[in-house]
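> Line by line, the protein sequences give chains A and B. Residues in the first sequence are numbered from 421 upward in steps of one, following my numbering. Residues in the second sequence are numbered from 11 upward in steps of one, following my numbering. Where is the CB? At the ideal position from N, CA and C, for every residue including glycine. Sharing a structure below in structure tokens format, with a few things to ask.
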Amino acid sequence: MIRFTDVIKTYDNGTEALKGISFSIEDGEFVFLVGPSGSGKSTIIKLLTGEIIPNDGRIMANGFSLSNIGEWQIPYMRRTIGTIFQDFRLIGKKTVYDNLSLAMRAVDAAPREVKNRIPYVLELVGLENKMNRYPDELSGGEQQRVAIARALVNNPATIVADEPTGNLDPGRSLEIMTLLERINALGTTVLVVTHEKELVNRLGKRIIMIDEGKVVSDGLGSYEV
Amino acid sequence: MFSHGFMSFAAIGITVACLLIMGTFSLVAVNANQNLKDLQKENAILAFVSDDLTDEQAQALHSQLSVVDNVSDCTFVSRQQARDEYVQKYDEDDLYSDLEAGIFRNRYVLHLTDPDQMKGTIEAVRGVSGIEKVRADEDISNGFVTLRNIASVISIALITILFVVSVFIISNTIKLTTFDRRDEIAIMKMVGATNGFIRWPFVFEGLLFGFCGAAVAFGLQWLLYEAVARGIANSDTLQLVSVVPFGNIWAPVAGVFAAAGIVIGVGGSLTAIRKFLQV
Ligand SMILES: Nc1ncnc2c1ncn2[C@@H]1O[C@H](COP(=O)(O)OP(=O)(O)OP(=O)(O)O)[C@@H](O)[C@H]1O
Ligand SMILES: [Mg+2]
Chain A
421 MIRFTDVIKT YDNGTEALKG ISFSIEDGEF VFLVGPSGSG KSTIIKLLTG
471 EIIPNDGRIM ANGFSLSNIG EWQIPYMRRT IGTIFQDFRL IGKKTVYDNL
521 SLAMRAVDAA PREVKNRIPY VLELVGLENK MNRYPDELSG GEQQRVAIAR
571 ALVNNPATIV ADEPTGNLDP GRSLEIMTLL ERINALGTTV LVVTHEKELV
621 NRLGKRIIMI DEGKVVSDGL GSYEV
Chain B
11 MFSHGFMSFA AIGITVACLL IMGTFSLVAV NANQNLKDLQ KENAILAFVS
61 DDLTDEQAQA LHSQLSVVDN VSDCTFVSRQ QARDEYVQKY DEDDLYSDLE
111 AGIFRNRYVL HLTDPDQMKG TIEAVRGVSG IEKVRADEDI SNGFVTLRNI
161 ASVISIALIT ILFVVSVFII SNTIKLTTFD RRDEIAIMKM VGATNGFIRW
211 PFVFEGLLFG FCGAAVAFGL QWLLYEAVAR GIANSDTLQL VSVVPFGNIW
261 APVAGVFAAA GIVIGVGGSL TAIRKFLQV
């Protein structure tokens, strides 16, 4: 479960990115986070991953209280959240398989577990035949699916994605969203930041809309503006 | 590991240089100290007994003098013995053969445990009633102490500087590796690797640099020491200097080199990755 209560985030340069944000996401939900550029969406994601800390308010994520989390706890909190970015962030020198095994070894997974788990998640994202390819031998959509597989590989409770389709054409974007929907159906909570109105409207999920650091609407419906 | 050939070479090289210079200075200091101690040991204090005391009373002072702090041994020398020694030492031409023991005084020859504290000991000996005069070559002794202290300060300063330089070079070498792997580190942190887990390979790399450096430096130090020791033994003028055999000190030298290598290596790697582990 994720819960933001009156969260305020002001960056060091004085920019008030979030001016009192409250919402909560239950386990198993699929939620879109939308809003104009600069409205504070990425700031919410960064707060969730412990990259930055709020100035005020409370943030709970998967049992961790992020507003007063100890430095040493942050890695364990991060293991409960799989993160996906617009720019994929794959290691170019490593094969698909090695990119995933890096993520598993980073959290001390046993070698046998690594060997069993990677083919499973690659199959889930439809790349079981490309595990020995290097990222630059894959299309953008395929690279993003590798990134999704990597986010999933340690079996997190939640997946957060910051504009995962920002670099993809509409066809690929739909594929990625459908994949995230499937992952959600398997039990993972999913939070997706996106600008893609058509996709959002088409999937008919809960939408949290923010503008200028405040929640302006929250619920099922369509993404206008 | 060792992907930056030249820098790795430089890192190990500078560690070797640092340890070698450090070791050489320390070994010179050890030997100098040894020689100074020897010289100071010969440098006894003479405590003259007042002529008012009878020979028996003079001899009885032994128990009082031997318990003075810092006095390691204390020998009574009677007038007669003093005279005989004097005559034996200086009377080549039988000039003094009829010298009377009466003009000599009963005395004690004192050796000290710690020559650095000679001044205080002299005061204490002077305070014993029945002792009239104390003679010691304080100036020479003080000179030895000063010399050794200056040498120590210089070598400590040099060691500190070289330590910092070595840590700096190793740190920069490892920074290159962390730079190569910055994307990987970012991913590891994103998926929840602990700082310790991320740090470990770099600390290991630093340790390896430190250890290689220490091993090479130890070998070179050994060769150098033996060569210098042989040089001194074969020299006409320096034969008086006694050199502590390497066999007697190799273990502490190896221990100190290994420890210094570890400190330099781990210090270097921790400095290199400190920045990376924030956030
Ligand atoms: N590191 C930072 N330092 C200072 N200000 C920042 C920083 N990051 C973001 N901001 C500011 O905070 C506000 C919110 O930024 P944020 O990145 O959360 O927006 P966003 O909703 O993700 O926008 P976009 O849709 O363009 O990605 C913006 O005004 C931005 O300029
Ligand atoms: Mg953003």
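#1: Are L468 of chain A and I422 of chain A close, meaning C-beta to C-beta below 8 angstroms?
#2: Go to S521 of chain A, then tell me how far its alpha helix (DSSP H) extends in each direction, as first and last residue.
#3: Does any residue of chain A have a CB that is nearer than 8 angstroms to the CB of E215 of chain B?
#4: Could you pull out every residue in the same chain whose Cβ sits closer than 6 angstroms to the Cβ of I596 of chain A, ignoring the five residues on either side in sequence?
#5: V138 of chain B and Q67 of chain B: beta carbons closer than 8 angstroms?
#6: Quick one, what's near ligand 2 if you take every residue whose CB is closer than 7 angstroms to any heavy atom, in chain order?
#7: For Y496 of chain A, go through chain B and note every residue whose CB falls closer than 9 angstroms to its CB, in chain order.
#8: Inspect the beta-carbon positions of S279 of chain B and G216 of chain B and report whether they are closer than 8 angstroms.
#9: Please list the residues of the region 578–608 of chain A that have a C-beta atom closer than 7 angstroms to any C-beta atom in chain B, keeping them in chain order.
#10: Since I501 of chain A contacts T578 of chain A with CB under 8 angstroms, what's their CB separation in whole angstroms?
#11: If you measure from the beta carbon of F207 of chain B to each beta carbon in chain A, is any gap under 8 angstroms?
#12: So the alpha helix (DSSP H) L594 of chain A belongs to, where does it begin and stop?
#13: Excluding the five sequence neighbours on either side, which residues of its own chain have a C-beta within less than 8 angstroms of the C-beta of I22 of chain B, listed in chain order?
#14: How about R553 of chain A: is its C-beta nearer than 8 angstroms to some C-beta of chain B?
#15: Would a C-beta distance cut-off of 8 angstroms place R592 of chain A and G546 of chain A closer than the cut-off?
#16: Would you call E562 of chain A buried or exposed, if buried means 16 or more other Cβ atoms sit within 10 Å of its Cβ?
#17: Below 8 angstroms CB to CB, which residues in the same chain sit around V87 of chain B once its five sequence neighbours on both sides are set aside?
#18: If you measure beta-carbon to beta-carbon, which residues of the region 166–199 of chain B are closer than 7 angstroms to chain A?
#19: Could you check what DSSP says for Y235 of chain B in three-state terms: helix, strand or coil?
#20: Taking the beta carbon of N433 of chain A as the centre, do at least 16 other beta carbons fall within 10 Å, making it buried, or is it exposed?
#21: Per DSSP, G639 of chain A forms a beta bridge with which residues?
#22: Against L522 of chain A, what residues of chain B qualify as contacts under a CB-to-CB distance less than 8 angstroms, listed in chain order?
#23: Please name the residue in A:I630, A:N604, A:L640 and A:V636 whose C-alpha comes closest to that of G448 of chain A.
Per the coordinate set shown:
#1: yes
#2: V516 to A526
#3: With its beta carbon at least 8 angstroms from every one in chain A, E215 of chain B lies outside the interface.
#4: Excluding sequence neighbours, I596 of chain A sits near Q564, P584 and T585.
#5: no
#6: A:K461, A:S462, A:D582, A:E583 and A:V613
#7: G202 and T204
#8: The answer is yes: Cβ separation under 8 angstroms.
#9: none
#10: 5 angstroms
#11: Yes, contact with chain A.
#12: Run containing L594 of chain A: P590 to A605, per the alpha helix (DSSP H) assignment.
#13: F219, C222, G223 and V226
#14: no
#15: no
#16: buried
#17: Answer for V87 of chain B: E95, N116, R117, Y118 and V119, listed in chain order.
#18: D193, E194, I197 and M198
#19: helix
#20: Exposed, because fewer than 16 other Cβ atoms sit within 10 Å of the Cβ of N433 of chain A.
#21: A:I627
#22: E194, I197 and M198
#23: A:N604
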